[in-house]
Each structure stands twice: as C-alpha cells, then as structure tokens.
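Everything in the sequence shown is counted per the UniProt record's numbering, starting at 1 for the first residue and increasing by one. Notes follow the structure.
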Amino acid sequence: MEGILLKLMSNNKDSIDQGTQELKRALAEPHANSALMHTLATSQDSAIRQYAAVILKRKFNKSTAWEKLQKDERINLKANILKLMVSEPEKSVKKSIAVFIGTIIKYEMSSGTWPELLQFLQNSMTSSNTNEKELGFYTCCILLETSPISFLPHANSFTLLFNATINSLTDKSSPVAFFAILCLTFLAPIVKGNKELTKLYCEGVPNILEVMKCLSNRRPDRAVEVLDFLFEFAERDGMAVLLPKLKLVVNTCLDLVVNCKSEEVKIKALSFIGTLARVRVKTLLKDNLLNRVLDVLFTIMCSKPEDDNLEEYFTSDPEDDTLVTCACETLDDIAMNINPVTLLQPMMSLIKPPFDNQNSSPYQRKAAYLCLGIISQGCSSYVRSHLLEQFIQLIYAGMSDSETVARNAALFTVGQFAEHLQPEISSRSSDLLPLLISQLKQIQIKGSCGERFGNRVDRLFFAIERFAENLEKSLAPFAEELIECTIQLASPPYHKHIRQLALGAVATIVGAMKEDIMPYFDRILLVLRQYLGNHNPPEEEIQLQVEALDALAMLARSIGPQNFESLAVDTVKLGLDLLAVTNDPDIRKSSYGVFSSVSTVLKQNMAPMLATIVPLILTALRDAPSATAVPHLKENEDLIMKTIPVLDDICKSETEEESGGEHDWEDSELCVENDYIEEKEEACMALSELAANTGDSFLPFMEPSFVEVFRLLNFPNSDVRKAALEAAFTFCTSYAKIVAARENQHDGVSVSSVAEQLVSKAAMLVRIDDDKDVVMAALEGLTLLLKEVGTQLANSSTIREQIVSCVRDVFNARTEAQGWKEDDDQWNADEDLMDAAGFIVPTLANIMTQEHFLPLFSELLPLFMERLAKAQADEDEANTIGTLAECMAPLGTDVERFLNKLLTCFLVRCKSSNSDVRNNSLFALGEMALHGKQVLYKHYNEILTVLSQSIASEKNGKVMDNACGVIARLIITNSDLLPLDQVLPVFVSKLPLREDFDEDKYIYWSLTHLFQNGCHHLSPLIAQVVICAAHTLHSHNVNDETKEIIINLIKQISTTFPQETSMALIQLPQEVVGTLNSART
C-alpha cells in the first residue's frame, strides 16, 4: 500500500496512472483496510500516513461501507485507530485520524457500541498531564465538528466538563482553553432550543469572554476562531445563550476593537456587533450600548488611511475587509434596523462637531461625511422629511473641501444621497450635477496622460449614474455635457479603469434619455465597436468588452424598436459568436443580457434564434459549481485532494453511484464562486425576459426553462433563489396568457397545476427562507400571478389557501426572515415584508368570491390599523393606506361594515404633513366612494369639506391630481349630491393633471357622464375641457381605454358645441392639434 501511495504522490504522469489502477484494485481487496491501517501505523513518511488516513475516511463516508465490515473487523479497527491517535507525533496526521474517527462515531455512538472512545475522551480530558489533556480536548473538538448529534446523549456532562475546565485554568490562553471553547462552539447545534443546555452555556459565557481577551494578546489567530462562539449564538434560535450577558458580550467586543493589536481580531469582533444589529438591534438600545458602539465606529472612520485616494468604504469580498469597511457596514446594519430618531440624535452629536470646528482634522470630516452617506438609506424617509436641507448644505461644503480625503468621502455621500433620498434629491440636481460634471471635466483634462486616479473616480461616476437613473428625461439639460465627457473618456488614451467606468456611465445615460439620445447614437456606437470587434480580447480588456456589451444592450432596450431594429440580428449574432469562444463568465452573462434586450425589439420575430439561444442559457443553469469546502478542519484533506486528484476522482465516482447523481451544489457545505453565481442569476433573468417578450415563440422552451429555474429554488445562494423565483413566476404568467389566448385549446400541462406547484414552493419559501429579498420576491411573485392571471386560477382552492396562509404568516410575523416579533421600539424589522404581503390582499379578489374576501378582510383589518397606529415612517403609513384603498373595489358596498373606522382614518390622513400619505388617503376616499356607492352618500359633505381644504392649500402636483380624482369619482357615483356650480369651475381649472396620469381615466369619464346627462354647469367650461383633453392626449401617454374615453368626449362636444371647439383648437399649439386630429381619425 505504501508503494502505491508513493506512486500517486509522484510528479510523473505514468507513475500516477499506474498508481491509480493499483489503488483501485487494492481497495477492492478484502484486506485493504488492514493494509491502510498498517501503513498509517508504520510509514516513516508523514504525508503517506496522512494519505492513508484520508483514504480510510473517504472509504467509510457512507454508512453502508461501514456496515459491510464484520463485527470483529470493526472492533479491531476502532481499537487500533484510538491507539494511533495517541501515538501519532505529527499534528496534521493526528487531525486526519481524528476526522476519520469522527466519521465512524456517526455510526457507532448512537448504538452505544464504542464505549472505549468515551472512556478515552474522559480519561484524557481530565488527565493531570497537560499533553494528554490537550490531546483529549483536541480530539473531542474534531469529533464534535464532524458529528455533534452523536454526542446528544452526553451533551450535559460534556458541557459541564468544558465549563469546569475553562473555569479552573489559570492560563486562559492555553491550548486546552482554546479547544474547550471550540468544543462548545461545535456542540451548539444541539444546544439551541434545549433550556437546560442553554442555561449551562449562559453560565459559561463570562469565562469564554476572558479566554477571548487573553488569546487576543497572545494568540490572535486563535482569538479569531474563538469569536465564532458568539456568531454561533447570534441568530434567533441561539440568542437565549447570550441575552442575559449581552452587555458584557458587547462591551468585550468593543474592548477588543479598541485595544487589540490584531486587525483580524478587531474586524471579527466588530462584525459581531453588525450581526447583532441585523438580528436584534434593540439589544443595543439598552444600558447605553448604542452610544458606545457609535463612538467606536466614528473613531475608526476617523482613522488615517495608507493612501487618501485608495481607501475603500465597502467591500463585496469578506477577504478584503478592513476595519474601516467593517465599521461602515456595521453602521449601515444599525441604520437599516433601528428607529431613525433613536439613531440620529447620538449620530448628529458625532457628525456636527467636525463641521462646526474650523480646525477639525480632514479625517474627522471624512468620517462625518461617511456617516451622512451611510445612514441615508436606513433613515431615508426621516432625512427626506426633516433633515434634507441640512444634509445638502453639508455636502456642498464637502464637494469643495480643501482636503482630498474629505472630498472623496463627500463624493461617496453624494452618490448615496442620489440613490436613497429620491425623489427630493433630484430637485437639487441643478445645483449638484454641475459640481459633478466639473469634476468629470477635470479628469478629462488631467487623465489624458493615462493616469488611473484613485477611488474618487469610481465615486464620481457612481453619483452621476444615480442622478441619471432617477432624473430620466429630466437629465436633458445636462445630457450634452455628460455624453460628450463620457464618450471621450471611454476611449484611449484614458486609463482602462476610467474607460470602463465611462462606458458604464454611457449606458446609464442612454437608459435615462431613451429616444432622446439618438443625436449621439452613431458616436456611441463607434466607441462600442472598438471593444466589440475582438472576440477574444486580452484578459486586461475583458471588462471593457463586458461594459461595451452592457451599453449595447441598453441601447437596444432604450432607443425604441424602430431605431434599433436594423442592428438587432447582428447584435444577437455578436452574442452567439462571443459565447462560442469565451470562457469568461462576465462575457457570458453580458451576452445573455444582450439577448434579452434584443427581445424587447424583435418580440416574436426572435423565434428563429431561440432554438440556439435558450439551450446555451439553460446550460448555465444546469452547470454545477467549482466549489470549495468551508469547514476549516478539512484543509489538510483538501490539500491532498488538490495534490493528488486521482483519489478524488475515485471517491467521486463511488459517491455519485451511491447518491444517485445529486447535484454538487445541493451539498450545504459548498460555497461557490461569485462569477458562477452571477452567471446563474443573469441566466434566470434573461430567460424570464425572453419568455415575457417573445410570447408563443417561447412555448417549446417553457417546460425545460421552468424545470431548471424551479430546481434552483433550493440553490444555496439567495441571489440565485431570488432570480429563479422571479423567472418562475414570469414563466407561469406567460404560459397562462398563451393558454388563454388559445382559448384553452392546448394539450400541455394545465395552468392551474403549474401554478399550484409554484405557489406551494413560494409559500414554503415565505415561511422558511431566512433571506428577506427571497421572501419579498415570493410575495411579489404571488401578487403578479394574481393580478395577471388570477381569474384563471379561481377554481383552485389549493392556491387560495396557500396564499391566504402566507399573508397571515407574514402579518403575524411567523416567518423565518422576520425573526421574532420585536417590541414597539424595534424599527423596520419587517415593514417591507408586511407591505409586500399587504399588496397581495386586494389581488386575492381575483381568485375569491366577495363572500370569501369579506371575512379575510375583516380578519386582517385590525392588523392594518395596528400598523397605521404604530407606523414610525411616513412610507409605511402611505403603503398601508394604499393597500386599504385597493381593497375598496373587492369590498364594494360591504365596506359599510368597516365605514366608521376607515372613513375617519382616510379623512384624518388627508391632512397629513407627508405628501404620500395625503395622496394615498385621497385615493382611498375616491375608491371608497366609487365602489361603496349609496353607502357613502350621506358622507359626501364630509368628503367635500376635506377636498375643499386640500385643493385650496395643496402644493404637490400628484396630491392635487388625486384630489381631482376624488371629485371625478363622486361625480361618476352621484353627481346630484354635489354643488356642481361651485365644484366644476375649480375642478376644471386644475386640469390637465400634472403627475398622476392614471387618474385621467376617471377625470374624463366623469366629464363624459356630466356631458351626456346635459349638465348645464359644464357649458361655460366646454372650451377649457377641450383644451385640457387635447393636452392630455398629446402629453400623458394614456392607455387605450382612457384614449377612447377622451376621443369620444371630444367628438360629442365638437358635434354639440362646434363653435366652442373651434375656439379651443385655435388656442392650442400646432403639434397638439396634430395629435388630436390624428386621434380623432
């Protein structure tokens, strides 16, 4: 056996091939185990001994292999392996032996057939000999990591032993202390939920913290591992271990951050604070912990970086974490999960002094700007309502700060504001964008020598892109300067990194300006072609090609089918050509994006290409990852596997045979590369869009696509699960529409059976998935399904029951992603999920009769009202009111049962200080009046009083539009109850609508109603009505239904009042008259 292993460890291919064949034959021999044990006991080469231990472990990975051994053989093997564990001098070999023992105990411990192992552990761990004690704890540690469940019958006694040992040690940094804590950490899975063990663990926490502090000074590498104990119990099911000692835990971690010399320990300790903020932030509000946490974070952010231009604030790869990035991420976690008022008071006391003190350090100002930017997301609603002007004035100063490090941080914050303080921040774009463009022009001048600049250039482009995305066509006043700069910066001689950023900015500007970018189309295309011509670019230029592909895709998506159609086929061919030659996942995923963008142009005409495109994308979904094992105790074995891949191949084939060919990624111990994950995510999105855009043409690919994305709903990565969910719902709705269009004359699977399968899976994910974004995708998918094709599913009681159950679970905080229901001071723990579940409620009317909908609404209304009463953010209040408004249609006249609560609720909030709350409350009043009919007649005066006050004082265009929408609905329902002589002149004077064009339908429906009923109060306003209607047709991009209402109204008016119509037309611009004439014909 030793000779075979030597051949396998050779560098000679022939020798390896020969050893491979010999090993296969040797392992089939009846004495293979004895030979491996002999080699493990006698070889003088530690690598050979370790290799033998690894083979033994791999050989018995499956219980069936162990059970095939004769009883005597099992007894001998167990006895000998324990002896070898004690006698082995080499630590790496000892570890591999322990891992093999850990494999065996999975089969032996539960049946009580290996008492010798327990005796060995007991004797060694309680030995007075330090070396024996260390060996015992070391062995126990590995066994517990391998199979903690095997120790369940003995968990109490082992926990008492671990605690007692740690308590008795005078040297808290000793190896025994270290291994004892690892033992406690690995035993954690069976502690959670066990009250007795939880109590024992809690008692041991102070001693564990002492060990952490001692190790942080003497063995910081071990302190990092010991900190895993805290992370193990930081989640919901384990928090009970830490809660009674949490003040001590948090202060100890902060002490490590402040005092420890090891950056790695500092980062790990601070990461725990971030985890705590995500999981149970209210614990930081007790005992003044939050103030100390914020002080520490701010102090870290004030630190001087090695290079002012290269400092990172956030990283996507944990391996790149620094103390500053960790501090920024921790503050972000706190801001996202806490009441803004609670955070901003102590935060502003840290932020303001650097701005108020003229002698402040630039690094203090840097920290202050970073804090402003970081909290802008979590505290968005409050900042927009109360602090926007103050924050913007600070940013103006920061953009012109004399120190680079402060300017860089201010630039980061401008980008954060542009992303998270919308729409208010866009109103200041006329002040902020010129400052950004000025900096862009400086790079244009100074960068022509090929200088890369620092990270500030990334932040500059980020800020510009966020403004462009949100301004859309309002970017027009700045578009020429921006596109001229970015087109130039996207070509040599500028540094590759700047060109890459410029290409991304070009794509964003195209997406914002849409058809209005056409004057620059040829120049943009010329820039892109210099990167798209080479199908096999050098590695350093791959990202440039990726950005160029993304920009080309954005052109296809944005400039209109008529402008891109001539390039569509060649664009698809380019993507296919690249896929044929590239191994780069970024180019592959960008090519998928190109295909989906072109589908918005070609629609069903893309049919001939789908047979080539879809199988390529499906391959990306099916491919298994190149993965690495996570647990640190596998490092040595993995090293051997990499050094000698032959054994891995042999064991892999055996494993596949026994496991029935399961997918590699379904192993929970695998972590996969980001590129692989992102490619799967993009593949899901591309297939989803192809299905939505190509209609019937996608039908042959619908089933295999659905099967593959459905399989990915179990994928370990949450981004992939989310993308797969979104794709699955798109496939389901697209399929339902195809079947409906064929009037159900389709031989395939029924729509209801596909939907039932998907709804059941989505409902399960809502309950058990711990990722909020995945749960959001499931809830939004259910809403989409009910809105788009709900009527086709009305006969499925399964779908109805599953979805209603989902809504109940979210409203009662019974989902994994919501954790547990926090106290009143918990902020934003589940508001987004509550909103998403709430949005489902009105769409349930598509699959429920009014008889079924009424009791459900009655059940949920108290929860809606509770949300309104406790809402600490205007956004949450507005969303809840909006959901209730959408419920008015399915309730109809049954709203009478809830009128006392709802009418008062809506009337009061029409006077809210927040425009979104006012807007949705007015919309709710209108919907209640429209669908409640006679139930609301006696309340018209109350509603009119509120409307009168609103119209007299309202400055917000969208809110004014909805006030007009309420009047329109009152007119439609019962115009006789309105003082039309007073109402109509004011009503018409507020037309055409300014922002909320969805209300146009009701505006012109109401005017048509009055006209057809011969309302004489309308006659003096006829010319004004025609002018408003014409402007609406020209500018509002109304849907077909609204367009028909408006055209019919104008035709009726022009027949009855030809003179007034002619007078109105004279006052209109020629292009508006042209639109009107075209519509009328």
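All C-beta atoms, glycine included, are put in the ideal place defined by N, C-alpha and C. Since this is a predicted model, take the numbers as computed values, not measurements.
Under the three-state reduction of DSSP, asparagine 536 is assigned to coil, being neither helix nor strand. Judged by their CB atoms, lysine 78 and isoleucine 97 are not nearer to each other than the 9 Å cut-off. If only uninterrupted alpha helix (DSSP H) runs of at least 4 residues are considered, those enclosed by the stretch 311-364 are 323-337 and 340-356. With 16 or more other CB atoms across the displayed protein chains lying within 10 angstroms of its CB, histidine 931 is buried. Aspartate 719 places its beta carbon less than 9 Å from that of glutamate 681. It is roughly 8 Å from the alpha-carbon of leucine 370 to the alpha-carbon of cysteine 328. The beta carbon of serine 752 sits closer than 8 Å to those of Gln792, Leu793, Asn795, Ser796 and Ile799, all from its chain and outside the five residues before and after it, given in chain order. Within the stretch 978-1029, the complete alpha helix (DSSP H) segments of 4 residues or longer fall at 980-989 and 1000-1012, listed in chain order.
A direct Cα-to-Cα measurement between alanine 607 and asparagine 693 gives close to 11 Å.
Around the CB of leucine 526, fewer than 16 other CB atoms lie within 10 Å, so the residue is classed as exposed. Out of Phe864, Gln364 and Leu182, the CA that lies nearest to the CA of asparagine 163 is found in Leu182. In this model, serine 599 and leucine 891 are separated by some 40 Å (Cα to Cα).
The C-alpha of arginine 219 lies about 44 Å from the C-alpha of phenylalanine 391. By alpha-carbon distance to isoleucine 951, the top candidate from Tyr940, Ala35, Ile967 and Leu1010 is Ile967.
Residue state for arginine 219 is assigned as coil, using DSSP reduced to three classes. For leucine 602, the three-state secondary structure derived from DSSP is helix. Nearest to cysteine 449 by C-alpha distance, out of Gly415, Pro477, Ser429 and Leu489, is Leu489. One alpha carbon belongs to methionine 888, the other to arginine 909, and they sit about 17 Å apart. Of the candidates Leu765, Lys772 and Gln604, the residue whose Cα lies closest to the Cα of leucine 699 is Gln604. By the Cβ-count criterion, threonine 64 is exposed, with fewer than 16 other Cβ atoms from all chains shown falling within 10 Å of its own Cβ. The C-beta distance from leucine 616 to leucine 579 rounds to 6 Å, short enough to meet the 8 Å contact threshold.
Pairing lysine 772 with glycine 504, the inter-Cα distance amounts to about 29 Å.
The beta carbons of alanine 463 and alanine 418 sit about 6 Å from each other, so the pair counts as a contact at 8 Å. The alpha-carbon separation between serine 760 and alanine 778 amounts to approximately 11 Å.
Positions of the beta strand (DSSP E) runs, each at least 3 residues long and wholly inside the UniProt domain "Importin N-terminal" (19-87), cannot be given because no such run exists. Arginine 742 carries a coil assignment under DSSP once its states are collapsed to helix, strand and coil. Remark: C-beta atoms of alanine 755 and valine 789 approach each other more closely than 9 Å. Contact check for phenylalanine 229 against cysteine 253 fails: the beta carbons are separated by 9 Å or more. In the structure shown, threonine 146 falls within a helical segment according to DSSP collapsed to helix, strand and coil. Shown here, tyrosine 494 sits in coil according to DSSP, grouped into three states, outside any helix or strand.
A distance of 9 Å or more separates the beta carbons of aspartate 308 and glycine 378. Here leucine 861 is near phenylalanine 898, since their CB atoms are less than 9 Å apart. Using a C-beta cut-off of 8 Å, the stretch 556-563 makes no contact with the stretch 526-544, since fewer than three inter-stretch Cβ pairs fall below that distance.
The shortest C-alpha to C-alpha distance from serine 913 to any of Lys199, Gln18 and Ser381 is the one to Ser381. Annotated three-state conformation of aspartate 623 is coil, per DSSP. Judged by their CB atoms, leucine 184 and isoleucine 208 are nearer to each other than the 9 Å cut-off.
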